[in-house]
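Student: Top to bottom, those sequences are chains C and H.
The first sequence: position 108 = 107 (numbering that gives the first Met the number 0), numbered continuously.
The second sequence: position 120 = 119 (numbering that gives the first Met the number 0), numbered continuously.
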Amino acid sequence: MTQDNHGKAHKYGMVIDLDKCTGCGSCMVACMSENNVPFKENETDKKDSITWMKVFKLTNGKPFPDIDTCYLPRPCMHCGGKGDHGHSPCISVCPATATDYGYDTGIVSQIYTRCFGCRYCMGACPYHARYFNWWDPKWPDGMEEYLSPDVSPRMRGVVEKCSFCYHRYQEARDRAYHEERRDHIEEGEYQTACTQACPAGAITFGDLNNPEHEVYKLVKPDPHNCGRPREPKAFRLLERLQTNPKVYYISEREWVRKAGDNYRKGEWGKEIKVSHGKGH
Amino acid sequence: MDSALIPKGARRCPFPVFATGIAVVSVVLLWGVFAMVLCWLKGLNQTNMNDYYGFALWIWADLAVIAIGGGAFFTGLLKYVFGIDELKNIINLAVVIGFICYSSALLILAIDIGQPLRGWFIFWHANVHSMLTEVAFCLSLYFSVLTIEFIPLILENRQLDKVPFFHNLSHNMHGVMAVFAATGAFLSCFHQGSLGGVAGVLYGRPFAYREGLLVWPWTFFLFTWSAAAYGPCFTLTVCKMFEGITRKKLVKDNVIHLLAKISGWMITTYIIAKIIDTIYWAGVTAPEMGFSLMDFYSDNAFYGIWILFAEIVLGGIVPAVFLTVKRFRENKKLLLVAIILGTLGVCLNRWVMVLQVMAVPVMSFDTWALYIPSWQEVATTILPVAYGVILISLAYRYLPMFPQEQELYDSK
Numbered sequence: 000m001t002q003d004n005h006g007k008a009h010k011y012g013m014v015i016d017l018d019k020c021t022g023c024g025s026c027m028v029a030c031m032s033e034n035n036v037p038f039k040e041n042e043t044d045k046k047d048s049i050t051w052m053k054v055f056k057l058t059n060g061k062p063f064p065d066i067d068t069c070y071l072p073r074p075c076m077h078c079g080g081k082g083d084h085g086h087s088p089c090i091s092v093c094p095a096t097a098t099d100y101g102y103d104t105g106i107v108s109q110i111y112t113r114c115f116g117c118r119y120c121m122g123a124c125p126y127h128a129r130y131f132n133w134w135d136p137k138w139p140d141g142m143e144e145y146l147s148p149d150v151s152p153r154m155r156g157v158v159e160k161c162s163f164c165y166h167r168y169q170e171a172r173d174r175a176y177h178e179e180r181r182d183h184i185e186e187g188e189y190q191t192a193c194t195q196a197c198p199a200g201a202i203t204f205g206d207l208n209n210p211e212h213e214v215y216k217l218v219k220p221d222p223h224n225c226g227r228p229r230e231p232k233a234f235r236l237l238e239r240l241q242t243n244p245k246v247y248y249i250s251e252r253e254w255v256r257k258a259g260d261n262y263r264k265g266e267w268g269k270e271i272k273v274s275h276g277k278g279h
Numbered sequence: 000m001d002s003a004l005i006p007k008g009a010r011r012c013p014f015p016v017f018a019t020g021i022a023v024v025s026v027v028l029l030w031g032v033f034a035m036v037l038c039w040l041k042g043l044n045q046t047n048m049n050d051y052y053g054f055a056l057w058i059w060a061d062l063a064v065i066a067i068g069g070g071a072f073f074t075g076l077l078k079y080v081f082g083i084d085e086l087k088n089i090i091n092l093a094v095v096i097g098f099i100c101y102s103s104a105l106l107i108l109a110i111d112i113g114q115p116l117r118g119w120f121i122f123w124h125a126n127v128h129s130m131l132t133e134v135a136f137c138l139s140l141y142f143s144v145l146t147i148e149f150i151p152l153i154l155e156n157r158q159l160d161k162v163p164f165f166h167n168l169s170h171n172m173h174g175v176m177a178v179f180a181a182t183g184a185f186l187s188c189f190h191q192g193s194l195g196g197v198a199g200v201l202y203g204r205p206f207a208y209r210e211g212l213l214v215w216p217w218t219f220f221l222f223t224w225s226a227a228a229y230g231p232c233f234t235l236t237v238c239k240m241f242e243g244i245t246r247k248k249l250v251k252d253n254v255i256h257l258l259a260k261i262s263g264w265m266i267t268t269y270i271i272a273k274i275i276d277t278i279y280w281a282g283v284t285a286p287e288m289g290f291s292l293m294d295f296y297s298d299n300a301f302y303g304i305w306i307l308f309a310e311i312v313l314g315g316i317v318p319a320v321f322l323t324v325k326r327f328r329e330n331k332k333l334l335l336v337a338i339i340l341g342t343l344g345v346c347l348n349r350w351v352m353v354l355q356v357m358a359v360p361v362m363s364f365d366t367w368a369l370y371i372p373s374w375q376e377v378a379t380t381i382l383p384v385a386y387g388v389i390l391i392s393l394a395y396r397y398l399p400m401f402p403q404e405q406e407l408y409d410s411k
């Protein structure tokens, strides 16, 4: 397998149209249900709630009537890391190789039974996409019956995060092999739970390496520039940090696109060079 | 009662007084042990950490005790490798402090991980790219070296020394100590450095990220240098505390001044490098990521620019000046101020490189995250302090920790 996602390997990614998102939270609910995400009896403190998919509320900061709101769903970004070589911020720091980069899919995995809960990966992730199991997972009586058998529940003391519903990929891949299609997986065969649950159709999921896939058409990732979108209305969160996420956002609204990154005074609108150095 | 164990000719307080003091500190120790057991049995929900603050008080405590315990490797290097013989009069103290600091760090790490029974995975499934892996390997190995350095001192106990085997073992271990001192210095360079690298490699965290040399960010070198520079400050602070509590002169002034002078020059060179690093980071690294310096020091209730000033000026420039200028260094009060400021300065640096890193928002729509530790975190952080007080008190009472003690007493 090549040590990047530029070649024949899949590079699964997501495109979220922020102008379509209504902030309904269906993606969050679907994600929790699909992935057996535990919840607390009291969920008022969001800083230790586990939400693989989290919807942020952004405003343009202007007073009425010019105020504008945007809801920004944030799954794990499945970063390719500096140079898009798979050294994402979290993978390179994990001391026990409990999180790994799938060069065949571009998906950042989490091995729950190997994680010993040092939480270094959480500190490394600028998106707060990683969550620690501060408590034993508990579900109300009888609810265990509704847990998905395809996803292992996590124990107290380990880190977890969005997997792009990897079990669905495994299922699709198994089916493809069984039907002698090798790893040829149709676009519709592998879709994440959040994508399917979004009532507004704001989320699109697919292979960023496949020009036939909708995600490719929407953002036109530049393979020679670590997958940066060539579509002007598309952007990635914190592009300047060179994390090279595989989640893209689209918005017609300039202030929303500006909120996707940090700019010093007078920088917005100017061409900003993002180097793609090798890093540490 | 225990006079047969006390070094010959040494004056110690009566045993009941000593036992009472140890009992009082033991109560604090037990409080910490209770909190530690709670964390192990109930999990890290006993802390006030959260998904924004995955690294918090404990990691700071780890980094801080390892930095101030740096006096052990650096004094060992100066004494055994560079041959500065006067330092033999303070090396025992430095080794005991180092042993306490490093064992404390390992204990805190054992509490800090979510699955303590899997702690060995860091060695078994080691990721060579992770700075934490390097920390774990070098820390464990260096703790072994410190134990080897501590053993001869233990064997010099009055009763143990009567056993010919122990006497000869201690003598022979002293003979080969240069090898261990050199090994310790080598390992320390890497684990002190990799602790700096823990924050420096976080390219998703503009406040922490530093460019560097090959795979090592500048913080790697700054942490090693600062531990060597400030570690002796803590050794001297503890020495002065002993002299204050026992109301005795334990180490001759020429030894104190020599170590203080070396520390002063080390702090001077370190703080120059730190200032250059800060200027480059504020002027080049952070702006490339879209941040201005004041983004890291405004819009929150605690982290103002004062903290940068306190770290560099009060914890760096002031002790550097006081310790390098002879007349300041030889002034008892200024020396005390300098070594205390130095100790606090390096602890503040470690605080900033852990807790402020977590506090600063990175996404433009995120907010600052401040945190107050739970009593369990505080108790488990005080636990090693109580353990350290007990161990060093025992070492002082029963081991010849200060070789010049008798001579200084007789001359009095």
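Each residue gets a CB set at the ideal place from its N, CA and C atoms; glycine is no exception.
No experiment lies behind these values; they were computed from the predicted model shown.
Between which two residues does the alpha helix (DSSP H) containing T284 (chain H) stretch?
Tutor: Numbered from its first residue, the second sequence carries residue 284 (chain H) at position 285. Taken as a continuous stretch (DSSP letters only), T284 (chain H) belongs to no alpha helix (DSSP H), as it is neither H nor E.
Student: With H, G and I counted as helix, E and B as strand and the rest as coil, what does DSSP make of R227 (chain C)?
Tutor: Translated into positions along the first sequence, residue 227 (chain C) becomes position 228. It is a strand residue.
Student: Under a Cβ-count criterion, where at least 16 other Cβ atoms within 10 Å of its own Cβ denotes burial, should F240 (chain H) be classed as buried or exposed?
Tutor: Taking the first residue of the second sequence as position 1, residue 240 (chain H) is located at position 241. The amino acid occupying residue 240 (chain H) in the given sequence is Met; Phe does not appear at that position. Result: exposed.
Student: If you draw a straight line from the C-alpha of E230 (chain C) to the C-alpha of F301 (chain H), how long is it?
Tutor: By one-based count along the first sequence, residue 230 (chain C) stands at place 231. By one-based count along the second sequence, residue 301 (chain H) stands at place 302. Taking the straight line joining both Cα atoms gives about 41 Å.
Student: Any beta carbon from chain H within less than 7 Å of D65 (chain C)'s own beta carbon?
Tutor: The residue labelled residue 65 (chain C) in the question sits at position 66 within the first sequence. Not one chain H Cβ lies under 7 Å of D65 (chain C).
Student: Beta-carbon of T1 (chain C) versus every beta-carbon of chain H: anything under 7 Å?
Tutor: Position 2 of the first sequence, counting from 1, holds the residue named residue 1 (chain C). The pLDDT assigned to T1 (chain C) is 45, lower than 50, so where the model puts this residue is not dependable; a value taken from the coordinates is nonetheless given after this. Chain H, which has no Cβ nearer than 7 Å to the Cβ of T1 (chain C), makes this no.
Student: Based on the DSSP secondary-structure assignment, which residues constitute the bridge partners of K248 (chain H)?
Tutor: For the purposes of this step, residue 248 (chain H) is taken as the residue at position 249 of the second sequence. K248 (chain H) pairs with nothing; no bridge assigned.
Student: Does T132 (chain H) have its Cβ less than 7 Å from a Cβ in chain C?
Tutor: Locating residue 132 (chain H) in the second sequence gives position 133, counting from the first residue. Yes, contact with chain C.
Student: Kindly indicate which three-state DSSP category W59 (chain H) falls into: helix, strand or coil?
Tutor: Position 60 of the second sequence, counting from 1, holds the residue named residue 59 (chain H). Three-state DSSP puts W59 (chain H) in a helix.
Student: Since C117 (chain C) meets chain H, which of its residues come closer than 7 Å, beta carbon to beta carbon?
Tutor: One-based indexing of the first sequence puts residue 117 (chain C) at position 118. The answer, in chain order, is I112, L131.
Student: Between the region 69–86 of chain C and the region 53–61 of chain C, can you find at least three pairs of beta-carbon atoms closer than 8 Å?
Tutor: With a cut-off of 8 Å, the region 69–86 of chain C and the region 53–61 of chain C count as touching, because enough Cβ pairs lie within range.
Student: Quick one: what's T203 (chain C) bridged to in DSSP?
Tutor: Taking the first residue of the first sequence as position 1, residue 203 (chain C) is located at position 204. Partner(s): C:V14.
Student: Sort C:K137, C:Y215, C:K160 by Cα distance to N41 (chain C) and report the nearest one.
Tutor: Taking the first residue of the first sequence as position 1, residue 41 (chain C) is located at position 42. For N41 (chain C), the nearest C-alpha among the options comes from C:K137.
Student: Taking the C-alpha atoms as reference points, what is the distance between A394 (chain H) and L257 (chain H)?
Tutor: One-based indexing of the second sequence puts residue 394 (chain H) at position 395. One-based indexing of the second sequence puts residue 257 (chain H) at position 258. Between A394 (chain H) and L257 (chain H), the C-alpha separation is close to 24 Å.
Student: Taking just the CA atoms, how far does K10 (chain C) sit from K269 (chain C)?
Tutor: Taking the first residue of the first sequence as position 1, residue 269 (chain C) is located at position 270. Taking the first residue of the first sequence as position 1, residue 10 (chain C) is located at position 11. Roughly 30 Å between the two C-alpha positions.
Student: According to DSSP, L280 (chain C) sits in a beta bridge with which residue or residues?
Tutor: Chain C is shown only over 0 to 279; residue 280 (chain C) falls outside these bounds and no answer can be derived.
Student: Between the C-alpha atoms of I306 (chain H) and G344 (chain H), what's the straight-line distance to the nearest angstrom?
Tutor: As a first step, residue 306 (chain H) is located in the second sequence; it is residue number 307 there, counting from the start. As a first step, residue 344 (chain H) is located in the second sequence; it is residue number 345 there, counting from the start. Each residue's Cα considered, the two are about 10 Å apart.
Student: List the DSSP bridge partners of P216 (chain H).
Tutor: Taking the second sequence and counting its residues from 1, the one referred to as residue 216 (chain H) is at position 217. Answer is H:G211, bridged to P216 (chain H).
Student: Residues of chain C with a CB under 9 Å from the CB of G289 (chain H): which are they?
Tutor: Locating residue 289 (chain H) in the second sequence gives position 290, where the first residue counts as 1. The contacting residues are L237, R239, L240, D260, N261, Y262, R263, E266, I271.
Student: To which residues does DSSP link S108 (chain C) through a beta bridge?
Tutor: Numbered from 1 along the first sequence, position 109 holds the residue referred to as residue 108 (chain C). C:D99, per the DSSP bridge assignment.
Student: Report the residue from H:E287, H:N253, H:L354 whose alpha carbon sits nearest the alpha carbon of R209 (chain H).
Tutor: In the second sequence, the residue the question calls residue 209 (chain H) occupies position 210. R209 (chain H) has its Cα closest to that of H:E287, out of H:E287, H:N253, H:L354.
Student: Count the other C-beta atoms from every protein chain shown that fall within 10 angstroms of the C-beta of N49 (chain H), then say buried if there are 16 or more, exposed otherwise.
Tutor: Position 50 of the second sequence, counting from 1, holds the residue named residue 49 (chain H). The residue in question, N49 (chain H), is buried, as its Cβ has 16 or more Cβ neighbours within 10 Å.
Student: Quick check on H256 (chain H): does DSSP put it in helix, strand or coil?
Tutor: Here residue 256 (chain H) corresponds to residue number 257 of the second sequence, with the count starting at 1. Here H256 (chain H) sits in helix by DSSP.
Student: Can you give me the C-alpha to C-alpha distance between S169 (chain H) and E155 (chain H), rounded to a whole angstrom?
Tutor: If you number the second sequence from 1, residue 169 (chain H) lands on position 170. If you number the second sequence from 1, residue 155 (chain H) lands on position 156. For S169 (chain H) and E155 (chain H), the distance between alpha carbons rounds to 7 Å.
Student: Count the other CB atoms, across all protein chains shown, that sit within 10 Å of the CB of N91 (chain H); report buried if there are 16 or more and exposed otherwise.
Tutor: Here residue 91 (chain H) corresponds to residue number 92 of the second sequence, with the count starting at 1. N91 (chain H) comes out buried.
Student: So with CB distances below 8 Å, who are the chain C contacts of L201 (chain H)?
Tutor: In the second sequence, counting from the first residue as 1, residue 201 (chain H) sits at position 202. Those are P88, V92, G122, A123, listed as they occur along chain C.
Student: Straight-line CA distance for Q405 (chain H) to A9 (chain H)?
Tutor: Here residue 405 (chain H) refers to the residue found at position 406 of the second sequence. Here residue 9 (chain H) refers to the residue found at position 10 of the second sequence. Distance between the alpha carbons of Q405 (chain H) and A9 (chain H) is about 7 Å.
Student: Would a check of beta-carbon distances place F55 (chain C) closer than 7 Å to chain H?
Tutor: The residue given as residue 55 (chain C) occupies position 56 in the first sequence. Chain H, which has a Cβ nearer than 7 Å to the Cβ of F55 (chain C), makes this yes.
Student: Could you compute how far the alpha carbon of L43 (chain H) sits from the alpha carbon of W134 (chain C)?
Tutor: As a working note, residue 43 (chain H) is residue 44 in the second sequence. As a working note, residue 134 (chain C) is residue 135 in the first sequence. Straight-line Cα distance between these residues: approximately 8 Å.
Student: Using alpha carbons as the reference points, say which of H:F179, H:K87, H:L62 lies closest to E226 (chain H).
Tutor: What you label residue 226 (chain H) is simply residue 227 of the second sequence in a count that begins at 1. It is Ala, not Glu, that sits at residue 226 (chain H) in the sequence shown. When each option's Cα is compared against that of A226 (chain H), the closest is H:L62.
Student: With H, G and I counted as helix, E and B as strand and the rest as coil, what does DSSP make of P244 (chain C)?
Tutor: Along the first sequence, read from residue 1 onward, the residue named residue 244 (chain C) stands at position 245. Coil at P244 (chain C), not helix or strand.
Student: So, at 7 Å on beta carbons, what are the nonlocal neighbours of Y126 (chain C) in its own chain, with the 5 sequence-adjacent residues on each side left out?
Tutor: On the first sequence, position 127 is the one that residue 126 (chain C) refers to. Excluding residues within five positions, the ones whose Cβ falls inside 7 Å are R73, M76, L236.
Student: Report the residues of the region 359–379 of chain H with a CB closer than 8 Å to any CB of chain C, ordered along the chain.
Tutor: Taking 8 Å as the Cβ-Cβ cut-off against chain C, the residues of the region 359–379 of chain H that qualify are V361, M362, S363, F364, D365, A368.
Student: Under 8 Å Cβ to Cβ from R328 (chain H), same chain only, skipping five residues before and after it: list those, please.
Tutor: If you number the second sequence from 1, residue 328 (chain H) lands on position 329. Same-chain partners within the cutoff: H256, A259, K260, G263, F321, L322, L334, A337.
Student: Between Y247 (chain C) and chain H, is any beta-carbon pair separated by less than 7 Å?
Tutor: Residue mapping note: residue 247 (chain C) aligns to position 248 of the first sequence, counting from 1. With 7 Å as the cut-off, Y247 (chain C) does not count as an interface residue toward chain H.
Student: Tell me the rounded alpha-carbon separation between A385 (chain H) and V27 (chain H).
Tutor: In the second sequence, the residue the question calls residue 385 (chain H) occupies position 386. In the second sequence, the residue the question calls residue 27 (chain H) occupies position 28. Looking at the two C-alpha atoms, the distance is approximately 6 Å.
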